[in-house]
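K.L.:
Chains as they are written, first to last, in our numbering: chain G, 1 to 281; chain U, 1 to 298.
Virtual Cβ for every residue (Gly too), placed ideally from N, Cα, C.
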């Protein structure tokens, strides 16, 4: 389904902390419901360029959760302030307006679209990259797909979004397992340790691995899956000016040579479609 | 309707080459793109004789009020363009201007001849910000090279030839005069300004190429200044561009001597920026009872 042509103003309805991250919600009265893994280009309608003259370009942020709202959809975005653009998004106040374009890009394909004989899904998220997996987890769960969810964080200050993986009672969904490098939650170590253990099991080959996170983690996931012959669907990130194929800035090396434009060819790509997960992407 | 080199245009706002992929945009936004196409003419991304993959990332770097790019002209090459892209671009509801670049006069001639014979093409823009392999010099930085190129290509078509001027020269007006002498029908300016940034994290150049082209509102005063100089020197029409974000910005370029304006980087922030700029320009001209005064700031 096409995105509405152009950017539109959406009102911020909420901005709350979620661990070390923020979750803000926008009311979208126009757009179609996004697919998990799709993203929006976002820019605060006022005071976007702060001290130093940036941010100038909108920021590509994947949607973390979506729900009904009066007059449209509520879109939730998980953000960590790492520069002038994300810092400003973290500070959004309810009632403020945000320029939004989207939903953009290709989201995560259903397990049977990624692998004909798929029997289940393993979701692997790291850091702020857990965001698109929250919506994916809920959608797959509603469809009764057998699920394992592995989430990893560096340290407590750089973790959050777990409330997006909680059930109605506020408890973490039972299929979720955590890893942290500082040991503050779950397994002490990398989330890919948990994935390696799961993939060593007998039924791993019929699973589809869905992943989003920092480049080093994504590359480790890609290699683990490739070694084990497991299908992987990776949500990549790249500097991106436009989000609709105009700027050619978000190039990612394609397996076999050449480049993909992450905004229109991704951001979700099969592990076999990329040469490697680029460190700068 | 306004007339530009014999081409009828609905309004004076077109796109800058390389800043809008109408084929990709149609995939993203659907036919709503065609129903409210933002530009009165569409300028293609530059095509080269052979396919190019483009530069290795990183390709873009945000700067105050602008951005640096080092994209590297990815395109399907002449044959791929004619076979795959041109039929799709022909479905756009506006005249098509095709941008071409080559590293020799012979290759430029091959491109111009092949593109000009297609009925779907209204005009050709010559991207001369490239080296001539024989001289090693950037064509658009040398008045004599620019004049010789225009003179060599002129007999190949009756369709308008537009020379895209580089701002990275001491005297852009001299190059514009050379283009006019060589037989160009119009000039467009400015291309991006050469710039560099250092990644504070690594201490290395932010773009692997070491430098890129600066665009966005940061370059606008440079563009207006060069447009005024070029407008004073040539009588052929000028397409003005460089950081245009609004109707007021576009009016500045028209006042400085442009017949048409082009929107580039602003489309990245607002996919319908072309329509918005045209509407704001129209509203401003309806609101004023007399021509806007042109300030002489020299």
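So with CB distances below 8 Å, who are the chain U contacts of residue 216 of chain G?
P.N.:
Looking up residue 216 of chain G in the first chain gives position 216. Those within 8 Å of residue 216 of chain G in chain U number zero; the least Cβ separation is about 15 Å.
K.L.:
Quick check on residue 307 of chain U - is its C-beta less than 8 Å from some C-beta in chain G?
P.N.:
Nothing in the structure corresponds to residue 307 of chain U, since chain U is present only between 1 and 298.
K.L.:
Expressed to the nearest angstrom, what Euclidean distance is found between the alpha-carbon atoms of residue 31 of chain G and residue 33 of chain U?
P.N.:
Along the first chain, one-based indexing puts residue 31 of chain G at 31. Along the second chain, one-based indexing puts residue 33 of chain U at 33. About 15 Å.
K.L.:
Can you have a look at residue 88 of chain U and say buried or exposed, based on whether 16 or more other CB atoms are within 10 angstroms of its CB?
P.N.:
For the purposes of this step, residue 88 of chain U is identified with residue 88 of the second chain, where counting begins at 1. Exposed is the call here.
K.L.:
According to DSSP, simplified to helix, strand and coil, what is residue 217 of chain G?
P.N.:
For this step, residue 217 of chain G is matched to residue 217 along the first chain. Here residue 217 of chain G sits in helix by DSSP.
K.L.:
Give the interface partners of residue 19 of chain U over in chain G, defined as CB-CB distance under 9 Å, in chain order.
P.N.:
To locate residue 19 of chain U, count along the second chain from 1; it is residue 19. 242, 246 and 247, listed in chain order.
K.L.:
Can you tell me whether DSSP reads residue 86 of chain G as helix, strand or coil?
P.N.:
To locate residue 86 of chain G, count along the first chain from 1; it is residue 86. Helix at residue 86 of chain G.
K.L.:
If you reduce the DSSP assignment to three classes, tell me which class residue 24 of chain G lands in.
P.N.:
Taking the first residue of the first chain as position 1, residue 24 of chain G is located at position 24. Here residue 24 of chain G sits in strand by DSSP.
K.L.:
Any beta carbon from chain U within less than 8 Å of residue 54 of chain G's own beta carbon?
P.N.:
Walking along the first chain from the start, residue 54 of chain G turns up at place 54. For residue 54 of chain G, the answer is yes, since a Cβ of chain U falls inside 8 Å of its Cβ.
K.L.:
Should residue 24 of chain U be flagged as near chain G, meaning a C-beta pair shorter than 8 Å?
P.N.:
Here residue 24 of chain U corresponds to residue number 24 of the second chain, with the count starting at 1. With 8 Å as the cut-off, residue 24 of chain U counts as an interface residue toward chain G.
K.L.:
Please give me, in chain order, every unbroken run of the beta strand (DSSP E) with length at least 3 that falls completely inside the stretch 134 to 200 of chain U.
P.N.:
Qualifying beta strand (DSSP E) stretches, in chain order: 161 to 164, 186 to 189 and 193 to 195.
K.L.:
Report the neighbours of residue 264 of chain G on chain U: residues whose CB is nearer than 8 Å to its CB, in chain order.
P.N.:
By one-based count along the first chain, residue 264 of chain G stands at place 264. The contacting residues are 24, 27 and 28.
K.L.:
Since residue 192 of chain G is in the alpha helix (DSSP H), which residue starts that stretch and which ends it?
P.N.:
To locate residue 192 of chain G, count along the first chain from 1; it is residue 192. Segment 191 to 199, the alpha helix (DSSP H) holding residue 192 of chain G.
K.L.:
Taking DSSP as the reference, what is the three-state secondary structure of residue 47 of chain G?
P.N.:
Along the first chain, one-based indexing puts residue 47 of chain G at 47. Three-state result, residue 47 of chain G: coil.
K.L.:
So if I threshold CB-CB distances at 7 Å, which residues from the stretch 247 to 280 of chain U count as touching chain G?
P.N.:
Cβ contacts with chain G come from 267, 268, 269, 270, 271 and 272.
K.L.:
I need the straight-line Cα distance from residue 293 of chain U to residue 259 of chain G, nearest angstrom please.
P.N.:
Here residue 293 of chain U corresponds to residue number 293 of the second chain, with the count starting at 1. Here residue 259 of chain G corresponds to residue number 259 of the first chain, with the count starting at 1. Because the pLDDT of residue 293 of chain U is 48, which lies under 50, any placement of that residue in the model is unreliable, and the question is left without a value.
K.L.:
Taking only three categories from DSSP, how would you classify residue 318 of chain U?
P.N.:
There is simply no residue 318 of chain U to check, as chain U begins at 1 and stops at 298 in what is shown.
K.L.:
Quick one: grab the DSSP three-state call for residue 115 of chain G.
P.N.:
Counted from its first residue, the first chain places residue 115 of chain G at position 115. Note: residue 115 of chain G maps to coil in three-state DSSP.
K.L.:
In this structure, how does DSSP classify residue 353 of chain U when only helix, strand and coil are distinguished?
P.N.:
Nothing in the structure corresponds to residue 353 of chain U, since chain U is present only between 1 and 298.
K.L.:
To be precise: take each residue of the stretch 161 to 173 of chain G, compare its Cβ to all Cβ atoms of chain U, and keep it if any distance is under 9 Å. Which residues remain?
P.N.:
Answer in chain order: no residues at all.
K.L.:
Find the residues of chain U that neighbour residue 58 of chain G, judging by a C-beta separation of less than 7 Å, and give them in chain order.
P.N.:
As a working mapping, residue 58 of chain G is identified with position 58 in the first chain. Those within 7 Å of residue 58 of chain G in chain U are 269.
K.L.:
Once DSSP output is grouped into helix, strand and coil, what is the label at residue 132 of chain G?
P.N.:
Locating residue 132 of chain G in the first chain gives position 132, where the first residue counts as 1. Of the three classes helix, strand and coil, the one that applies to residue 132 of chain G here is helix, per DSSP.
K.L.:
Return helix, strand or coil for residue 121 of chain G, following the three-state DSSP convention.
P.N.:
Stepping through the first chain from its first residue, residue 121 of chain G is reached at position 121. DSSP places residue 121 of chain G in strand when its eight states are reduced to three.
K.L.:
Return no unless some Cβ of chain G is closer than 8 Å to the Cβ of residue 106 of chain U.
P.N.:
Against the second chain, residue 106 of chain U aligns to sequence position 106. Not an interface residue.
K.L.:
Looking at residue 205 of chain G and the ligand GDP, is the gap between the Cβ and the nearest heavy atom below 7 Å?
P.N.:
Absence of the ligand GDP is noted for the structure shown, with no ligands found whatsoever.
K.L.:
Using a Cβ-Cβ cut-off of less than 7 Å, give me the residues of the stretch 32 to 58 of chain U that come near chain G, in sequence order.
P.N.:
The residues in question are 32, 33, 36, 53, 54, 57 and 58.
K.L.:
With which residues is residue 101 of chain G paired in a DSSP beta bridge?
P.N.:
By one-based count along the first chain, residue 101 of chain G stands at place 101. Answer is G/41.
K.L.:
Starting from residue 221 of chain U, trace the alpha helix (DSSP H) in both directions and tell me its first and last residue.
P.N.:
As a first step, residue 221 of chain U is located in the second chain; it is residue number 221 there, counting from the start. 220 to 233 is the extent of the alpha helix (DSSP H) around residue 221 of chain U.
K.L.:
Could you tell me if residue 176 of chain G is buried or exposed, where buried requires 16 or more neighbouring beta carbons within 10 angstroms of its beta carbon?
P.N.:
The residue labelled residue 176 of chain G in the question sits at position 176 within the first chain. So residue 176 of chain G ends up on the buried side.
K.L.:
Bridge partners of residue 232 of chain G, per DSSP?
P.N.:
For the purposes of this step, residue 232 of chain G is identified with residue 232 of the first chain, where counting begins at 1. Bridge partners of residue 232 of chain G: G/209.
K.L.:
Give the C-beta separation of residue 101 of chain G and residue 40 of chain G to the nearest angstrom, bearing in mind that I take them to be a contact with Cβ-Cβ under 8 Å.
P.N.:
One-based indexing of the first chain puts residue 101 of chain G at position 101. One-based indexing of the first chain puts residue 40 of chain G at position 40. Right, the Cβ-Cβ distance comes to about 6 Å (below 8 Å), so this counts as a contact.
K.L.:
When burial is assigned at 16 or more other CB atoms within 10 Å of the CB, is residue 143 of chain G buried or exposed?
P.N.:
For the purposes of this step, residue 143 of chain G is taken as residue 143 along the first chain, with counting starting at 1. It is exposed - the Cβ of residue 143 of chain G has fewer than 16 other Cβ atoms within 10 Å.
K.L.:
So which residues of chain G does residue 65 of chain U contact, with C-beta pairs closer than 8 Å?
P.N.:
In the second chain, counting from the first residue as 1, residue 65 of chain U sits at position 65. 49, 53 and 56, listed in chain order.
K.L.:
Are the CB atoms of residue 219 of chain U and residue 256 of chain U within a distance shorter than 8 Å?
P.N.:
Mapped onto the second chain, residue 256 of chain U falls at position 256. Mapped onto the second chain, residue 219 of chain U falls at position 219. No, these two residues do not count as a Cβ contact at 8 Å.
K.L.:
Check each residue of the stretch 203 to 227 of chain U: if its Cβ is closer than 7 Å to any Cβ of chain G, include it; give the result in chain order.
P.N.:
Within the stretch 203 to 227 of chain U, the residues whose Cβ lies closer than 7 Å to some Cβ of chain G are 216, listed in chain order.
K.L.:
Under a CB-based cut-off of 8 Å, is residue 281 of chain G close to chain U?
P.N.:
Your numbering for residue 281 of chain G matches position 281 in the first chain. Bear in mind that a pLDDT of 45 at residue 281 of chain G, under 50, signals an unreliable position, so the number given afterwards is only what the model happens to contain. At least one chain U Cβ lies under 8 Å of residue 281 of chain G.
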